[in-house]
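Encoded as structure tokens, the structure appears first; notes follow it.
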Amino acid sequence: MSKATPEDLLLISFSGHGHVDDNGVFYTFSHDTGQGEGKTITPALLAHIVSSDELSRWLRYVDAGDMAMIVDACHSAATVGDGFKPGPMGSRGLGQLAYDKGMRILAASQADDVALESDKLQQGLLTYALVHDGMDAFQADFKPQNKAITLSEWLAYGVNRVPTLYEEIKTGTLSSFGRGEASRGTVIQLGNRKQSSPAKKNPYQTPALFDFTRKARGDISLAIQ
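Just add 2 to the spot in the sequence shown (first one is 1) and you have this note's numbering.
Structure follows, in structure tokens:
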């Protein structure tokens, strides 16, 4: 990543388990989580997984022209930070770095919420929405429909598609977009909702898109039909 230039797009995607500690620091569970079953958050486990602080340090000196991160995990909006406001460089987590570098961060769920996956899809709902529906079926060509998909359009499609995708799976009306018959599936909740969370108007997974881009340059084209 250190070799990225202002002419490059850096796209980072993570799909897996996420955790937020009592200080609001977000962690992604990497492949090697050390010994043990990993069902209890311990100091040893935290030493093996990746925090938003670490991600911030890794990306600090990357000079890509456009940067986007997709986090398909529970509590993933915490990567940016609750109530984040721009301030001096060096704030904990990715919020300040994303602001300074003009990044986009697409989080599968709110900071106090879980991400979902389906036994039929065999992956997270956000990942499926972006890759299968958005890109493979070209449904992300929607703002406007012009036989092309831009980065902004693709990320926005993920935000819009996930809640309806959930409903389609639960009711057996999954939109196949010409790729097979619709069928009912079971939606699996990954992790636990925080007990202190207030009731929400939408009880299902709602992605969050943080867009700190400020450049006058044109959008990035990802696919053309």
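The C-beta atom is built at its ideal place from N, Cα and C for all residues, glycine as well.
None of these values were measured; they are calculated from a predicted model.
Just grab the DSSP bridge partners of A109 for me. V73 and A210
In three-state terms, what does DSSP make of Q98? helix
What residue does the beta strand (DSSP E) around V22 start on, and which one ends it? G20 to V22
Is there contact between the region 16–30 and the region 43–52, where contact requires at least three CB pairs shorter than 8 Å? yes
What does the Cβ neighbour count give for K42, buried or exposed, with the cut at 16 atoms within 10 Å? For the sequence presented, residue 42 should be read as Thr rather than Lys. Looking at its Cβ environment, which holds fewer than 16 other Cβ atoms inside 10 Å, T42 is exposed.
Can you tell me the Cβ-Cβ gap for A110 and A142, rounded? I've got them flagged as a contact below 8 Å. Actually they are not in contact, since the Cβ atoms of A110 and A142 sit about 16 Å apart, beyond 8 Å.
Does the distance from the CB of A100 to the CB of F214 come in under 8 Å? yes
Within 10 Å of its beta-carbon, does T129 have 16 or more other beta-carbons around it, so buried, or fewer, so exposed? buried
Assigned secondary structure, D221 (DSSP; H/G/I helix, E/B strand, else coil): coil
Straight-line CA distance for R219 to L127? 31 Å
S17 and Q124 look like a contact to me (Cβ under 8 Å); what is the Cβ gap, rounded to whole Å? About 11 Å; that fails the 8 Å criterion.
Check the DSSP bridge columns for L13 and list the partner residues they point to. A70
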